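>
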Amino acid sequence: MSMIQQQQSTNINPQQQQQQQQQQQLLNSVRYPTSPPKAGQFQQQIQADSPSLIHLKLPIYKEIQLKEQIEQKQQQEEESYVILNSQEGKPLVILKLKQVGPNLFNFEIDSNENSEVTIQNHTKKYYFKGLINSIGKQPNLCEDSHFLSQDYTAIGVADGVGSWRSIGIDSGQYSRFLMNNIYHLSTSIPYLKPFDLIQKTYESSLSIPGSSTICILKLLGSKVYSGLIGDSSFLIIRKDQIIFRSKEQTHKPNFPFQLGQGSTDKPSSGSYDEHIVNENDIFVIGTDGFFDNVFDEEILESMKRVESIETFHKHLMNLAKQKSIDINATTPIANRNSTKGGKPDDITLGCFVITPWSK
Numbered sequence: 001m002s003m004i005q006q007q008q009s010t011n012i013n014p015q016q017q018q019q020q021q022q023q024q025q026l027l028n029s030v031r032y033p034t035s036p037p038k039a040g041q042f043q044q045q046i047q048a049d050s051p052s053l054i055h056l057k058l059p060i061y062k063e064i065q066l067k068e069q070i071e072q073k074q075q076q077e078e079e080s081y082v083i084l085n086s087q088e089g090k091p092l093v094i095l096k097l098k099q100v101g102p103n104l105f106n107f108e109i110d111s112n113e114n115s116e117v118t119i120q121n122h123t124k125k126y127y128f129k130g131l132i133n134s135i136g137k138q139p140n141l142c143e144d145s146h147f148l149s150q151d152y153t154a155i156g157v158a159d160g161v162g163s164w165r166s167i168g169i170d171s172g173q174y175s176r177f178l179m180n181n182i183y184h185l186s187t188s189i190p191y192l193k194p195f196d197l198i199q200k201t202y203e204s205s206l207s208i209p210g211s212s213t214i215c216i217l218k219l220l221g222s223k224v225y226s227g228l229i230g231d232s233s234f235l236i237i238r239k240d241q242i243i244f245r246s247k248e249q250t251h252k253p254n255f256p257f258q259l260g261q262g263s264t265d266k267p268s269s270g271s272y273d274e275h276i277v278n279e280n281d282i283f284v285i286g287t288d289g290f291f292d293n294v295f296d297e298e299i300l301e302s303m304k305r306v307e308s309i310e311t312f313h314k315h316l317m318n319l320a321k322q323k324s325i326d327i328n329a330t331t332p333i334a335n336r337n338s339t340k341g342g343k344p345d346d347i348t349l350g351c352f353v354i355t356p357w358s359k
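Using full-length UniProt numbering, the letters of the sequence shown map in sequence onto residues 1 to 359.
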């Protein structure tokens, strides 16, 4: 909520006190208009984590400040306005804000007075530091796909449904389309959450044959927003403990939820969550080719053997590949089916540590 705050001072003579009272009376009205104000005298972009306070100081009224809290509650392209009026209803200052990124705002001010603007941030900004890649169960053939955004705040994996090959369709075509389009969308509109990223991409994919599972992670401020459809999964590790593990979505064994032609599943069928993250939290994200072959306990055990996120990723990828072709291996999918052995499959794996931008 916006407010007008009068700073207290000491040793004020009656004349100064009267002047302050007049100034406070002059600036006694703050309201939010429903129609856009006139174009401002100047424009600029400001960096501001969510939530933040914008301090707007009017030097001519040194005892007065307008404080407007901006908080990223919803990812939407809307402008907000604050008008500071005189007692007669004459606008003295119009403050216009439009969010254009997770921590970026277009700022415009229209004022008859010289103004000074400062930003007070209250949250940290992190990025995903790590590696992600895919390997096919056959040389030069992989139906999985993945992406890592240019600003290292969005990650995605997708697993094309292999049954499309039986009718001559490239099963990886649809998964690659999903990842490629979400990659570009997360770059052009970097504050979209997973549901919006998936929904917008899905709407543009209706003419493309194929289907795919999908899992998306998006880092905004100090939260990671997740969205998944199907059996591509992720988990969060903090201080050597798994604090969150996503649940796979299946209609029945070996029949995961999926987007695409021939499927009744939609983006709204997915599972969406948000997670408050700390520095050094670790995210492991992958397709079923990884999680069907590697136990969560093996992931935690691997952490004790490595010294970097890069070697952690390499160790897990090698482990998944070896177990997938071992007919005697004990694996999650073998346990579910009361059998033995790994599951030969395309494998996509990403390992990332939450890292502050300052490092």
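Backbone N, C-alpha and C define an ideal beta-carbon position, used for all residues, glycine too. Keep in mind it's a predicted model, so treat the numbers as computed, not measured.
With a threshold of 16 other CB atoms inside 10 Å of the CB of ASN293, please say whether the residue is buried or exposed.
Indexing the sequence shown from 1 puts residue 293 at position 293. Flag for ASN293 reads buried.
> Which residue's Cα is closest to the Cα of GLY230: LEU217, THR250 and GLY221?
If you number the sequence shown from 1, residue 230 lands on position 230. Here the closest residue by C-alpha is THR250.
> My parser needs the alpha helix (DSSP H) runs of 4 or more residues fully inside the region 270 to 320; what are they?
Segments of the alpha helix (DSSP H) lying fully in the region 270 to 320: 288 to 291 and 296 to 303.
> Is PRO356 helix, strand or coil when you go by DSSP?
Translated into positions along the sequence shown, residue 356 becomes position 356. In this structure, PRO356 counts as strand in the three-state DSSP scheme.
> Would you call GLN258 buried or exposed, if buried means 16 or more other Cβ atoms sit within 10 Å of its Cβ?
Here residue 258 refers to the residue found at position 258 of the sequence shown. Buried.
> Along the chain, where does the beta strand (DSSP E) that runs through ARG176 open and close?
In the sequence shown, residue 176 corresponds to position 176, counting from 1. Careful: ARG176 lies outside any beta strand (DSSP E), inside the alpha helix (DSSP H) at 171 to 188.
> Put LEU27 into one of helix, strand or coil per three-state DSSP.
Start at 1 with the first residue of the sequence shown, and residue 27 comes out as number 27. Confidence at LEU27 is low in this model, with a pLDDT of 36, below 50, so the placement of that residue is unreliable and no value is reported for it.
> Consult DSSP for LEU235 and reduce its assignment to one of helix, strand or coil.
By 1-based counting over the sequence shown, the position of residue 235 is 235. If DSSP states are grouped into helix, strand and coil, LEU235 belongs with the strands.
> Are three or more beta carbon pairs between the region 285 to 300 and the region 339 to 359 nearer than 8 Å?
Short answer: they touch.
> With a CB to CB cut of under 8 Å and the five nearest residues on each side skipped, what residues in its chain are close to CYS142?
The sequence position of residue 142 within the sequence shown is 142, counting from 1. Excluding residues within five positions, the ones whose Cβ falls inside 8 Å are SER134, ILE135, GLY136, GLY172 and ASP346.
> Around the C-beta of TRP164, are 16 or more other C-beta atoms found within 10 angstroms, so that it is buried, or is it exposed?
The residue you call residue 164 lines up with position 164 of the sequence shown. With 16 or more other Cβ atoms within 10 Å, it is buried.
> What residues in its chain sit with their C-beta under 7 Å from that of SER204, if we drop five residues either side in the sequence?
As a first step, residue 204 is located in the sequence shown; it is residue number 204 there, counting from the start. Once the five neighbours on either side are set aside, the close Cβ partners of SER204 are ASN181.
> Do you know whose CA, among GLN322, ILE243, VAL161 and ASP144, lies nearest GLY260's CA?
If you number the sequence shown from 1, residue 260 lands on position 260. Per the Cα distances, VAL161.
> With distances taken between CB atoms, is the gap from VAL277 to CYS215 smaller than 8 Å?
Counting from one through the sequence shown, the residue named residue 277 turns up at place 277. Counting from one through the sequence shown, the residue named residue 215 turns up at place 215. Going by C-beta atoms, VAL277 is not nearer than 8 Å to CYS215.
> Please list the terminal residues of the continuous beta strand (DSSP E) segment that includes LEU131.
What you label residue 131 is simply residue 131 of the sequence shown in a count that begins at 1. Unbroken beta strand (DSSP E) run through LEU131: 126 to 135.
> Taking LYS343 as part of the alpha helix (DSSP H), name the residues at either end of that continuous run.
By one-based count along the sequence shown, residue 343 stands at place 343. Unbroken run through LYS343: none, as it is neither H nor E.
> Pair every Cβ in the region 261 to 274 with every Cβ in the region 181 to 198, then say whether three or more of these pairs are closer than 8 Å.
Verdict: yes, contact present.
> Between which two residues does the beta strand (DSSP E) holding THR250 run?
Here the question's residue 250 lines up with position 250 in the sequence shown. Element bounds for THR250: 250 to 252.
> Measure the C-alpha to C-alpha separation of LEU217 and LEU185 and round it to an integer number of angstroms.
Looking up residue 217 in the sequence shown gives position 217. Looking up residue 185 in the sequence shown gives position 185. Using only the alpha carbons, I get a separation of about 14 Å.
> Compare the Cα-Cα distances from GLY342 to each of ALA329, THR348, ASN335 and ARG336 and report the closest residue.
Walking along the sequence shown from the start, residue 342 turns up at place 342. Among ALA329, THR348, ASN335 and ARG336, the Cα nearest to that of GLY342 belongs to ALA329.
> Quick one: measure Cβ to Cβ for ILE242 and ASP159, integer angstroms, because I've assumed they're closer than 8 Å.
The residue given as residue 242 occupies position 242 in the sequence shown. The residue given as residue 159 occupies position 159 in the sequence shown. Contact flag wrong, Cβ pair sits at about 22 Å.
> Kindly identify the DSSP beta-bridge partner or partners of ILE144.
For the purposes of this step, residue 144 is taken as residue 144 along the sequence shown, with counting starting at 1. The residue you asked about is not Ile; residue 144 is Asp in the sequence shown. Beta-bridge pairing links ASP144 to ASP159.
> How big is the Cα-Cα spacing for VAL306 and PRO332?
What you label residue 306 is simply residue 306 of the sequence shown in a count that begins at 1. What you label residue 332 is simply residue 332 of the sequence shown in a count that begins at 1. The alpha-carbon atoms of VAL306 and PRO332 are separated by roughly 23 Å.
> Roughly how many whole angstroms lie between the Cα atoms of MET317 and LYS266?
Along the sequence shown, one-based indexing puts residue 317 at 317. Along the sequence shown, one-based indexing puts residue 266 at 266. Cα-Cα distance, rounded: 31 Å.
> Distance check for LYS223 and PHE312, CA to CA, integer angstroms please.
For the purposes of this step, residue 312 is taken as residue 312 along the sequence shown, with counting starting at 1. For the purposes of this step, residue 223 is taken as residue 223 along the sequence shown, with counting starting at 1. About 23 Å.
> Could you work out which residue in ASN140, PHE147, GLN138 and PRO139 is closest to GLY130 when comparing CA atoms only?
For the purposes of this step, residue 130 is identified with residue 130 of the sequence shown, where counting begins at 1. Comparing Cα positions, the closest option is PHE147.
> According to the neighbour-count rule (16 or more other Cβ atoms, all chains shown, within 10 Å of its Cβ), is SER50 buried or exposed?
Taking the sequence shown and counting its residues from 1, one reaches residue 50 at position 50. Note that SER50 scores a pLDDT of 46, beneath 50, so its modelled location is shaky and nothing firm can be said.
> On the premise that PRO209 lies in contact with ILE169, defined as a C-beta separation below 8 Å, what is that separation, rounded to the nearest angstrom?
Start at 1 with the first residue of the sequence shown, and residue 169 comes out as number 169. Start at 1 with the first residue of the sequence shown, and residue 209 comes out as number 209. Yes, they are in contact, since the Cβ atoms of ILE169 and PRO209 sit about 5 Å apart, within 8 Å.
> What is the residue span of the beta strand (DSSP E) that LEU197 lies within?
Here residue 197 refers to the residue found at position 197 when the sequence shown is read from its first residue. Counting along the chain, LEU197 falls outside any beta strand (DSSP E), though it belongs to the alpha helix (DSSP H) covering 194 to 203.
> By how many angstroms is the C-alpha of SER308 removed from the C-alpha of SER149?
Residue 149 sits at position 149 when you count from the first residue of the sequence shown. Residue 308 sits at position 308 when you count from the first residue of the sequence shown. Whole-angstrom Cα-Cα distance: 21 Å.
> Please state whether DSSP places LYS323 in a helix, a strand or coil.
The residue labelled residue 323 in the question sits at position 323 within the sequence shown. Three-state result, LYS323: helix.
> Excluding the five sequence neighbours on either side, which residues of its own chain have a C-beta within less than 8 Å of the C-beta of GLY289, listed in chain order?
Walking along the sequence shown from the start, residue 289 turns up at place 289. Excluding positions up to five away in sequence, the list reads LYS137, ASP144, ASP159, ALA320, SER324, LYS343, ASP345, ASP346, ILE347 and THR348.
> For PRO256, which three-state DSSP category applies?
To locate residue 256, count along the sequence shown from 1; it is residue 256. Reduced to three states, the DSSP call for PRO256 is strand.
> Assign SER268 to one of three DSSP states: helix, strand, or coil.
Within the sequence shown, numbered from 1, the residue matching residue 268 stands at position 268. In the structure shown, SER268 sits in a helix (DSSP, three-state: H, G or I).
> Given this structure, state the Cα-to-Cα distance separating ARG238 from SER166, to the nearest angstrom.
Locating residue 238 in the sequence shown gives position 238, where the first residue counts as 1. Locating residue 166 in the sequence shown gives position 166, where the first residue counts as 1. The straight-line gap from Cα to Cα measures roughly 43 Å.
> So, helix, strand or coil for ILE243, using DSSP?
In the sequence shown, residue 243 corresponds to position 243, counting from 1. Three-state DSSP puts ILE243 in a strand.
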